[in-house]
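Here's the structure, in structure tokens; my notes come after.
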Amino acid sequence: MRLKDKVALITGGANGIGLATAQRFAKEGAKIILWDVTDKGQQVVNDLISDGAKALFQKVSVADQDAVIKAVAVAKNHFGRIDILINNAGITKDRTLLKMSKQEWDDVISVNLTGVFNCTQAVVPIMKEQNYGRIVSASSNVAIRGNYGQTNYVATKSAIIGMTKVWALELGRFGITANCIAPGFIQTAMTDAMPEEVRKQSLAHIPVGKWGVPDDIANGYLYLASDEASFVSGICLTIDGGAAR
Ligand SMILES: NC(=O)c1ccc[n+]([C@@H]2O[C@H](COP(=O)([O-])OP(=O)(O)OC[C@H]3O[C@@H](n4cnc5c(N)ncnc54)[C@H](O)[C@@H]3O)[C@@H](O)[C@H]2O)c1
2 MRLKDKVALI TGGANGIGLA TAQRFAKEGA KIILWDVTDK GQQVVNDLIS
52 DGAKALFQKV SVADQDAVIK AVAVAKNHFG RIDILINNAG ITKDRTLLKM
102 SKQEWDDVIS VNLTGVFNCT QAVVPIMKEQ NYGRIVSASS NVAIRGNYGQ
152 TNYVATKSAI IGMTKVWALE LGRFGITANC IAPGFIQTAM TDAMPEEVRK
202 QSLAHIPVGK WGVPDDIANG YLYLASDEAS FVSGICLTID GGAAR
């Protein structure tokens, strides 16, 4: 088991990539703290527990700093430590630049960017005390190549690559690594919401000729969260079937 007795906090764990990650990490021996804004997270945790894992659901929006700080304290009390933070929660509100409202801009920034700041800032003091921590955040391959209609989303995903490099520099001496993953097109509710035409076109730009599945990213999170990656910090691992140029 690659995460035996490690405690992993996974944000946005009720669906898609976060759900696959919670299931994968539990199989590898991790205790799971699962955060989401939907009550479905409780069912996911119940299923993990039925399968023999230790898991806790907390209904938390990563955008709410007070709620994040309180939930981290409760989780630390519950499991005694937090070894791994997977900053996975993310949303889209796509619109071309001239049509994008200030509300659409603010909503995406508050979850995808401020949310990552909130969670990381709340968890790092615990990791520092343990002299051990793994932070892995969800960027996107659109941070590297841009994407039509995603000014707000791309801004957040590019910022995550930058913040990750800062945290690698600041936190390495405390036994903490910080990395991120840049997924390409992964089949989840997020990409199901895209127009059929855009979904089809996306396939033409993926050299391996298929869309990714949530487990493709869960596998990347697992590597970067494990002790196999103890000498890896500050990187952005692209997992996109060769699509990013
Ligand atoms: N699916 C893709 O193709 C793709 C590509 C690149 C990057 N990503 C990134 O991967 C991550 C996971 O994406 P996904 O496709 O699994 O998305 P998803 O929509 O399937 O799941 C996201 C989860 O985050 C939760 N969430 C939303 N707002 C939240 C908040 N404020 N606090 C806590 N949880 C919240 C949702 O309820 C949902 O369960 C996101 O950060 C996304 O931007 C996805």
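Numbering (the numbering used here), first residue to last: 2 to 246. A virtual CB, placed ideally from N, CA and C, is assigned to each residue, including glycine. As the structure is a prediction and not an experimental result, all values here were calculated from the model.
Collapsed DSSP secondary structure at residue i in the structure displayed
{"i": "Asn119", "result": "helix"}
{"i": "Ala27", "result": "helix"}
{"i": "Gly134", "result": "strand"}
{"i": "Val214", "result": "coil"}
{"i": "Val8", "result": "strand"}
{"i": "Pro184", "result": "strand"}
{"i": "Arg200", "result": "helix"}
{"i": "Ile92", "result": "coil"}
{"i": "Ile236", "result": "coil"}
{"i": "Ile177", "result": "strand"}
{"i": "Ile83", "result": "coil"}
{"i": "Ala244", "result": "coil"}
{"i": "Gly42", "result": "helix"}
{"i": "Pro126", "result": "helix"}
{"i": "Thr192", "result": "helix"}
{"i": "Met2", "result": "coil"}
{"i": "Ser102", "result": "coil"}
{"i": "Gly53", "result": "coil"}
{"i": "Val209", "result": "coil"}
Proximity of residue i and residue j at Cβ, strictly below 8 Å
{"i": "Thr32", "j": "Val69", "result": "According to the sequence displayed, residue 32 carries Lys and not Thr. Their beta carbons are not under 8 Å apart, which means Lys32 does not touch Val69 by this criterion."}
{"i": "Asn16", "j": "Thr189", "result": "yes"}
{"i": "Gly91", "j": "Val73", "result": "no"}
{"i": "Leu35", "j": "Gly53", "result": "no"}
{"i": "Ile87", "j": "Thr22", "result": "yes"}
{"i": "Gly42", "j": "Lys60", "result": "yes"}
{"i": "Leu225", "j": "Val233", "result": "yes"}
{"i": "Met128", "j": "Phe80", "result": "no"}
{"i": "Ala76", "j": "Ser141", "result": "no"}
{"i": "Arg82", "j": "Gln131", "result": "yes"}
{"i": "Met191", "j": "Val117", "result": "no"}
{"i": "Ala56", "j": "Val63", "result": "no"}
{"i": "Gly150", "j": "Thr97", "result": "yes"}
{"i": "Ala205", "j": "Arg25", "result": "no"}
{"i": "Leu4", "j": "Ser227", "result": "yes"}
{"i": "Asn78", "j": "Thr12", "result": "no"}
Residues that DSSP places opposite residue i in a beta bridge
{"i": "Phe58", "result": "Leu35"}
{"i": "Asn16", "result": "None, per the DSSP bridge assignment."}
{"i": "Gln151", "result": "Arg96"}
{"i": "Ala64", "result": "Looking at the DSSP assignment, Ala64 forms no beta bridge with any residue, so it has no partner."}
{"i": "Ala139", "result": "Ile182"}
Cβ-Cβ separation, residue j to residue i (assumed contact under 8 Å), whole Å
{"i": "Ile136", "j": "Trp168", "result": "6 Å"}
{"i": "Ala244", "j": "Pro208", "result": "7 Å"}
{"i": "Asn153", "j": "Lys94", "result": "6 Å"}
{"i": "Ala179", "j": "Gly235", "result": "7 Å"}
{"i": "Ala27", "j": "Leu49", "result": "5 Å"}
{"i": "Ile18", "j": "Ile187", "result": "6 Å"}
{"i": "Val125", "j": "Leu172", "result": "7 Å"}
CB contact check: residue i to chain B, cutoff 8 Å
{"i": "Asp95", "result": "In the displayed structure, chain B is absent; only one protein chain is listed."}
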